[in-house]
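Be aware that the sequence shown starts at 99, since it is given in this note's numbering, and climbs by one per residue. Don't be surprised by glycine CBs; every beta carbon is placed ideally from N, CA and C.
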Amino acid sequence: MLNKINQAKKVLLGNRKKGYTLPTNNNLYPAQWNWDSGFIALGYSHFNLKYAFDEINTLLRGQWKDGMVPHILFHDLKTNYYPNHSVWNCGNKIKSSGITQPPVLAIILKKILDKSIIKDKEKIKSIIQKVKKYHQWLMKYRDPKNSGLVSILHPWESGYDNSPLWDGPLNAIKIEKNLKYKRGDNKVVNPDFRPLDIDYDRYVTIKNHLRKNKYNPKKLYETSMFNVVDVGFNSIFLKANKDLLYLLEKFNLKKKEIQKYLIKSENKIEKLYDKKRKSFINYDLKNNKKITVPSITNYFILFADLKNKSINNEIIQTLKKHNTKDNFFFSSIKPNYTRYEEKRYWRGPVWINCNWIIYQGLKDKDKKFAQIVRNKTIDLVKKNGFYEYFNTKTGKAYGAKNFSWTASLFLDLILEKKYN
Ligand code: DGY
C-alpha cells in the first residue's frame with residue numbers, strides 16, 4: 099500500500115505547476131479547474147499543507163469582483179484547449195471561463211482545518227471571507243427569488259457535462275447557425291469516451307449566448323438557454339453552507355445570512371424527493387419539466403446530511419440497488435437506464451469523486467455500507483491505476499491517466515483513518 103500511496107503523491111506532484119495543479123498531465127485539461135482544485139487541495143493536505151493552501155489561494159485569486167469563482171482559470175495562455183481564454187474572453191486578475199462549478203471549497207477547507215494546526219489565523223479568516231462571498235454570489239444570482247435552491251446555467255457548471263440528466267434541457271436548445279470551433283479533447287482521448295459533437299454544439303451555443311450577455315449574472319438567470327436545479331449541485335452547496343457556517347462560528351465572523359439560507363435550502367431540497375421512486379429528481383426550470391434520470395449524483399443528497407432520517411434511509415435502500423451487483427460501483431448512470439453508455443464520460447463509467455462524496459455521506463448513516471464503498475473504491479484504483487473514469491463491469495480505465503483527483507481522493511480514503 100505504501101507504494102501506491104507514494105505513486106498517488108507522485109501523480110499530484112507531477113501535475114503541479116506554479117501554485118496550482120492540472121487535472122492531468124496531458125493536453126486534455128491544461129488549466130486549473132474549480133472542483134478539481136478543491137479535491138486536489140485535500141490530497142496535498144495529507145503530505146504538504148503549503149501546497150494545499152497554494153491550490154486554494156490560487157483558485158481564489160481568480161475570483162471575480164462580484165464573488166464568482168470560475169470553473170476554469172487559464173494560467174497558461176498557449177494551449178490547444180477548447181474553449182480557451184480568448185473564446186471565453188473574461189476573468190478578473192486571471193483569465194477565466196464565465197461560469198462556475200460545484201462549490202466544494204468550504205467543505206474541503208473545513209476538512210483540512212479540522213486536522214491541521216494553523217498558526218496564521220488571519221490568513222484563514224481572509225480565505226473564509228472569500229468563500230463566503232462566493233456563496234453569496236450563488237445565493238444572489240443563482241437563486242434571485244430566494245427559494246433555497248440554486249440553478250446552474252450550463253451543463254459544464256455541474257461538472258458532469260454530458261450526463262443524460264441534461265439530454266432533455268439540451269434537446270430544447272436551437273443550435274446556433276454557422277458555428278465554427280475546433281474541439282481539442284477528442285484528439286487527445288478516444289472520441290468514444292468523450293461527449294458527442296452535437297453535445298459540444300449545444301455547449302458552445304449556450305456559452306456564446308452567455309458571452310453575448312457579457313456574463314451579466316442579473317440578466318442570465320432569466321435569459322440563459324439552460325436553467326436547471328440540479329440535486330447534486332444543490333446538495334454540495336447545502337453541505338458547503340453547513341461547513342461554512344461552522345467555520346464562520348469558529349472564527350467569530352458574521353453568519354446570519356448563511357444560516358438563514360441553509361435552513362431554507364434544507365426544507366426546500368426535500369421537495370425534490372420523489373416518494374414513489376424513493377429517489378431525488380432534478381428540475382428543468384427553463385422548460386418547466388421534471389428530470390427523472392437515475393444519476394449517481396442524485397445521491398449527493400446523502401452528503402448534505404439532511405435531518406430527515408426516513409428519507410435518508412429510503413435513499414440508501416435505493417442506492418443499494420443502483421448497480422451494487424456489478425464488480426465496481428457506482429456507475430454514474432444506472433446501467434439498466436435506456437441512455438446508459440458503458441464507456442462515454444459521464445453517461446455510465448465510475449468516477450472516484452462521486453464515490454468519495456457518497457462515502458462521506460454514508461459514514462454516519464450506514465457504516466457497514468460506507469466501508470464497502472470505501473474498500474471497493476480503493477480496490478478499483480489499486481488494480482487499474484489513477485485514471486479519470488472506469489468501466490463498472492470490468493474496471494477498465496478510460497480518459498486521462500495520472501488524474502489528479504483520483505490520486506487525491508485515493509490518498510484521502512486511505513489516510514483519513516489516521517485522523518478519525
Ligand atoms: C471538459 O473540457 O471536458 C471539461 O469537463 C469542461 O469543464
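Tell me whether residue i counts as near the ligand DGY, meaning its Cβ is closer than 7 Å to at least one heavy atom of that ligand.
i	result
Asp-295	no
Tyr-127	yes
His-169	yes
Trp-254	yes
Asp-259	yes
Asp-212	no
Asp-283	yes
Given a cut-off of 8 Å, decide if residue j and residue i are closer than it, judged by their beta-carbon atoms.
i	j	result
Asp-382	Lys-337	no
Val-391	Pro-200	no
Tyr-443	Arg-281	no
Leu-268	Arg-300	yes
Phe-401	Ile-476	no
Tyr-487	Pro-447	yes
Asp-265	Arg-114	no
Val-109	Ala-505	yes
Ile-170	Ser-194	yes
Phe-426	Leu-342	no
Ile-197	Leu-211	no
Gly-257	Leu-507	no
Gln-130	Leu-158	no
Leu-236	Ser-363	no
Ile-450	Ile-103	no
Asn-489	Glu-440	yes
Lys-305	Asn-311	no
So if DSSP puts residue i in a beta bridge, which residue, or which two residues, is it bridged to?
i	result
Gly-189	Lys-193
Phe-378	Tyr-371
Arg-114	Thr-119
Tyr-487	Tyr-496
Leu-171	Gln-130, Ser-194
Ser-502	According to DSSP, Ser-502 bridges with nothing at all.
Tyr-423	Strictly speaking, residue 423 in this sequence is Lys, with Tyr absent from that position. According to DSSP, Lys-423 bridges with nothing at all.
Ile-389	Asn-380
Ser-429	Val-448
Ser-286	It is worth fixing the name first, because residue 286 is Val in this sequence and not Ser. DSSP, once it has assigned bridges, lists no residue as partnering Val-286.
Val-326	Ile-250, Asp-382
Indicate, with yes or no, if the ligand FAD has a heavy atom lying under 7 Å from the CB of residue i.
i	result
Trp-449	As far as ligands go, the structure on display features the ligand DGY and does not contain the ligand FAD.
Spell out whether any CB of chain C is found under 8 Å from the CB atom of residue i.
i	result
Ser-430	Of the chains in the structure shown, none is chain C; there is only one protein chain.
Whole angstroms are fine: how far does the CA of residue j sit from the CA of residue i?
i	j	result
Phe-145	Lys-107	8 Å
Asp-297	Val-287	16 Å
Lys-209	Lys-163	27 Å
Asn-325	Met-166	17 Å
Lys-352	Gln-227	9 Å
Asn-453	His-307	34 Å
Asp-241	Gln-234	10 Å
Lys-474	Asn-123	26 Å
Lys-217	Lys-499	37 Å
Phe-428	Tyr-496	15 Å
Gly-410	Ile-470	According to the sequence as given, residue 410 is Asn; it is not Gly. Their backbone Cα atoms lie some 18 Å apart in a straight line.
Lys-278	Leu-294	16 Å
Check: Taking only runs of the alpha helix (DSSP H) that begin and end inside the region 205-268, which ones reach a length of at least 4 residues, in chain order?
Finding: 219-239, 253-256
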